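Numbering (mature numbering (1 follows the signal peptide of the UniProt record, and there is no 0)), first residue to last: -20 to -1, 1 to 476. By construction, the Cβ of each residue, glycine as well, lies at the ideal position given by its N, Cα and C atoms. Here the structure is a predicted model, which is why all the values come from computation and not from measurement.
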């Protein structure tokens, strides 16, 4: 009889435990949010216009302070955002509170506090060990119900984030992350250990997520509402695996590091490092010859991990060798430059800059324009554009200006078929960036405007004719004269 009572008690305890786990799981599911976004991106072929709106969906999770954590690409260029809880039919209007496109993360808020009733904010947890199981929650396309998939953490290292082409730490799991899953939480022990981000189209059941270290950095950055992003060191390095190069750098056989090949003059590293130095240690992490550090036992990733852990304004300890002599210093980390390339990275939630003179549409060269050629932009965009992506910018040339196309008119006869032409100079003055280009055009008092490329090809426009015909051209092609710099030009580079 006693044995029977003991078994009954164990059964009841197990049932109660299973019931508690079920309630806990149901409560967790109430914190998983479906996000509906109407996105209208600018048309960089016609920078005064918008592309047709698209209806997108994604996932998110309720976190502290009545916020919803999701991917930036879920709400990028969003003009109208709604959110919906698991099990509810009602949708609520949401707004973007903070966005970090480089980390592909965004925080949403809902003005109606009733949305957060019966939801429990999920806490941020620690990244599991390799081969541990995690659960991905989200709303993939093809259905309205919450989808729950399980996978194993298989790798953690730096990856290129597809959204903004940033290079940050990412987790890899053997579970598919389908469209609509983006922004959904990766859960372990009831805590968020990642945000589902992207998949590898060349492999089956392989997905990537934003890890806790990157999430925590963004949450800290969001406290003052001002986006500063991840600081940069401002040095370009290469691996030092060649024994000959190692000896030439003055290192002994038992020394390892990364060879510094370039230091940007306006970067924090310029005050400490110089080309030819060997970076031996960053923030206490020894740098290996392949430019990696051991961030966790037997796990390595790019040395940028040691930089990414910090915020703008922090002091970063470094140890380096110069001519064989080891030195120590601190680098005062600063916000990253918009770009180090001649081609600005893809921008979101911003109005394109453009300038029209004599019916010729001028724009700065950026990734938004290049990607306007579609998914196959790598092969379809002009070769000159693609080549410029691999060129470093400098003080003399920070940005490239393109004559995108010609709106046919009398003033531009002879140039009607010109397009995608990179400008090098205006009336003999070299062009450093788009703003300087517009100023040179606006301040011109000569009879003609003489534009040339690096090969010497010329486009010459009559300044007086351009002034007379510009209003008619804008009217004919239905181009709004926003932010006009004069009677014959349009420069759109500020908010309304």
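Taken atom to atom, the span from the alpha-carbon of residue 161 to that of residue 436 is near 51 Å. A residue is called buried when at least 16 other Cβ atoms come within 10 angstroms of its Cβ; residue 327 meets this threshold and is buried. Taken in chain order, the complete beta strand (DSSP E) segments of 3 or more residues contained in the segment 181 to 212 are 187 to 190. DSSP, read as helix, strand or coil, puts residue 368 in helix.
When secondary structure is reduced to three states using DSSP, residue 278 falls in the coil class, being assigned neither helix nor strand. Per DSSP, reduced to three states, the secondary structure at residue 133 is strand. Excluding five sequence positions before and after residue 420, the CB atoms of its chain that fall closer than 6 Å to its own CB belong to 406, 409, given in chain order. Residue 13 is not a Cβ neighbour of residue 38, given a cutoff of 7 Å.
Judged by their CB atoms, residue 350 and residue 382 are not nearer to each other than the 7 Å cut-off. Residues 310, 311, 312, 313 of the same chain have their beta carbon placed closer than 8 Å to that of residue 295, with the five preceding and five following residues left out of the count.
The segment 389 to 401 makes contact with the segment 441 to 459: 3 or more CB pairs, one atom from each, lie closer than 8 Å. Take residue 109, set aside five residues on each side of it, and the residues of its chain with a beta-carbon closer than 8 Å to its own are 133, in chain order. Ranked by how close their Cα comes to the Cα of residue 33, the residues 130, 59, 116, 456 have 59 in first place. In the DSSP assignment, residue 391 is bridged to no other residue.
Judged by DSSP in its simplified three-state form, residue 428 adopts strand.
Closest option to residue 384, judged by alpha-carbon separation, among 346, 254, 148, 120: 346. The residues 62, 63, 64, 90, 92, 95, in chain order, have a CB closer than 8 Å to that of residue 72 in the same chain once the five nearest residues on each side in sequence are set aside.
At a cut-off of 3 residues, the continuous stretches assigned as beta strand (DSSP E) that sit fully inside the segment 57 to 131 are 58 to 65, 72 to 80, 85 to 89, 113 to 118. Per DSSP, residue 442 is one residue of the beta strand (DSSP E) stretching across 438 to 442. Beta-bridge partners of residue 18 (DSSP): 35, 60. The criterion of a C-beta distance shorter than 7 Å is satisfied by residue 50 and residue 163.
Note that the C-beta distance between residue 140 and residue 332 is not below 7 Å. Here the alpha carbon of residue 460 sits roughly 12 Å from the alpha carbon of residue 335.
DSSP places residue 420 inside the alpha helix (DSSP H), whose first and last residues are 414 to 422. The three-state reading of DSSP puts residue 357 in helix, counting H, G and I together.
Annotated as proximal: residue 299 and residue 261, with beta-carbon spacing under 7 Å. Following the DSSP letters along the chain, one finds residue 224 inside the alpha helix (DSSP H) bounded by residues 223 to 228.
Across the structure, residue 368 and residue 100 are spaced so that their CA atoms are roughly 49 Å apart.
Distance from the CA atom of residue 284 to the CA atom of residue 148, rounded to whole angstroms, is 8 Å. Cβ atoms of residue 104 and residue 172 come within 8 Å of each other, at about 5 Å. For residue 337, the enclosing beta strand (DSSP E) covers residues 335 to 337.
Burial of residue 253 is indicated by the presence of at least 16 other C-beta atoms within 10 angstroms of its C-beta. Excluding the 5 residues flanking it on each side, residue 396 has same chain C-beta neighbours closer than 6 Å at 386, 388, in chain order.
Counting only the Cα atoms, residue 263 lies some 41 Å from residue 19.
Closest option to residue 318, judged by alpha-carbon separation, among 247, 355, 341: 247. DSSP, reduced to helix, strand and coil, places residue 248 within a helical segment of the structure shown.
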